[in-house]
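K.L.:
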Amino acid sequence: MLLHRAEQPAIFDVQNVSLSFGGMVVLDNINLSVRESEVVALIGPNGAGKSAFLNCISGVYPVQRNACITLDSVRLDRLPAHRRARAGVSRTFQGLNLISSHSVLDNVLLGWTTHFAQNVFGMLAQPWAALRAERLAREEAFEILDLCGLKKIWGERCSELPFGILRRVDLARALIGRPKLLLLDEPASGLSHDERPLIGQMVRLALTRKKLAVLWIEHDLDLVFSEARRAIVLHHGEQIDEGNPSDANQRTRLIEFLQKRAPRRTKGNVAISLVIGGKCRRIRTLTQVRPKIPRLG
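Taking the working numbering, the leading residue of the sequence shown gets 30, the next gets one more, and so forth.
1. By DSSP, does F192 sit in helix, in strand, or in coil?
2. What ranges does the beta strand (DSSP E) occupy inside the region 39 to 76, keeping only unbroken runs of at least 3 residues that lie completely in it?
3. Let me check one thing: in DSSP terms, what residues is T99 bridge-paired to?
4. State whether the region 48 to 56 contacts the region 212 to 221, with contact taken as three or more CB pairs (one from each stretch) at a distance under 8 Å.
5. Between E65 and the rest of its own chain, which residues show a CB-CB distance below 8 Å, the 5 nearest in sequence each way excluded?
6. Hey, D214 and T121: beta-carbon distance below 8 Å or not?
7. Which one of P191, Q279, E169, W157 has the shortest CA to CA distance from S129?
8. Name the DSSP bridge partner or partners of Q37?
9. Tell me whether the beta-carbon of L244 lies closer than 8 Å to the beta-carbon of A201.
10. Between which two residues does the beta strand (DSSP E) containing V118 stretch?
11. CB of R112 to nearest heavy atom of the ligand PLP: below 7 Å?
12. Does the separation of the CB atoms of G88 and L263 fall below 8 Å?
13. Between which two residues does the beta strand (DSSP E) harbouring K167 extend?
14. According to DSSP, is H111 part of a helix, a strand, or is it coil?
15. Whole angstroms is fine: what's the gap from A291's alpha carbon to A260's?
16. For I128, does the three-state DSSP call read helix, strand or coil?
17. Can you name, in chain order, every residue of its own chain whose Cβ lies under 7 Å from the Cβ of L138, other than the five neighbours on each side?
18. Excluding the 5 residues flanking N136 on each side, which residues of the same chain have their C-beta closer than 7 Å to its C-beta?
19. Is the separation between the beta-carbon of L114 and that of V103 shorter than 8 Å?
20. Would E168 be called buried (16 or more neighbouring beta carbons within 10 Å of its own) or exposed?
21. Who does Q268 pair with in a DSSP beta bridge?
22. How should W157 be labelled, buried or exposed, when 16 other C-beta atoms within 10 angstroms of its C-beta is the threshold for buried?
23. Using CA coordinates, which residue listed in G78, E271, S119, A235 is at the minimum distance from D57?
24. Counting C-beta neighbours from all protein chains within 10 Å, is the total for E189 16 or more, i.e. buried, or is it exposed?
Here is the structure:
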């Protein structure tokens, strides 16, 4: 018997995720879950900690010891970034991070690199296995290119393509590894008003993949309210509200929470720190006179 969507168990779960740089709190005890084929949007003002949260999930930032991040029963918080990608975490980027001098196909194939089992020595020792793996990767790439409407331009260099098409290339690169969790980091950023409906198409296209959950950062509320099944409001690193955008009352409440952006001021000192060589190093201590949360996306 098929479960109703609301009764389906979560494929992705986050518990007690906090992040701080020295004395600056970026995320404060974030808890959420995403079900299979569900789109959850993270909304909030700049500096709310949304991109920092995605970086904690993907392994860019370490989380505190009591945090627990699981994807399909696999503990992600104990894994390095490349193993999280292999476990099924994939993402798009605000800045695309495409290699402009290479073709669409080359950029999409970059998303498959975590699935290559052989290292350089293994490829030299078993070249036939390496060729078979490359053939399978290209077959998967052309399937994704066709899905994203990019098959006819697979050989064109990314430097020659408009920004809206490059957003599709970025999505194709994220989908090629058959992820279980897709992180979308402001995909509408840089698009014109006429191009923004493309993002809704991208979200619906991503959900055609089986067993996929989507966590989506977005500032365009029209897109969020039309495509997301749930929206979570972050403000100064805190999770302050959650609701269903398709429900008129909950949508109104979400908008009201977003409008409450008054900065918080606290007394005392704050440590100014930098992350150097993977370690947070304290530089100096100043009296805190500005809002507690830095602008980290």
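A virtual CB, placed ideally from N, CA and C, is assigned to each residue, including glycine.
P.N.:
Looking at the atomic coordinates:
1. helix
2. Here the runs fully enclosed are 39 to 50, 53 to 64, 68 to 72.
3. D42, R104
4. As far as the Cβ criterion goes, the region 48 to 56 does not touch the region 212 to 221, which means the pair count is below three.
5. Q37, I40, K240, L241, A242
6. Going by C-beta atoms, D214 is nearer than 8 Å to T121.
7. P191
8. For Q37, which the question treats as bridged, DSSP gives no partner whatsoever.
9. no
10. 118 to 120
11. The ligand content of the structure shown is nil, which means the ligand PLP is not present either.
12. no
13. The question names Lys, but residue 167 is Arg in the sequence shown. No beta strand (DSSP E) contains R167, which is instead part of the alpha helix (DSSP H) from 156 to 176.
14. helix
15. Only weak support is given to the placement of A291: the predicted model assigns it a pLDDT of 39, under 50, and the question is left unresolved by the model.
16. coil
17. These residues qualify, in order along the chain: A166, A170.
18. L127, I128, C187, V198, R202
19. The displayed chain sequence assigns Ala, not Leu, to residue 114. In this structure, V103 does not lie closer than 8 Å to A114 by Cβ.
20. Exposed, by the Cβ-count rule.
21. L263
22. exposed
23. G78
24. Flag for E189 reads exposed.
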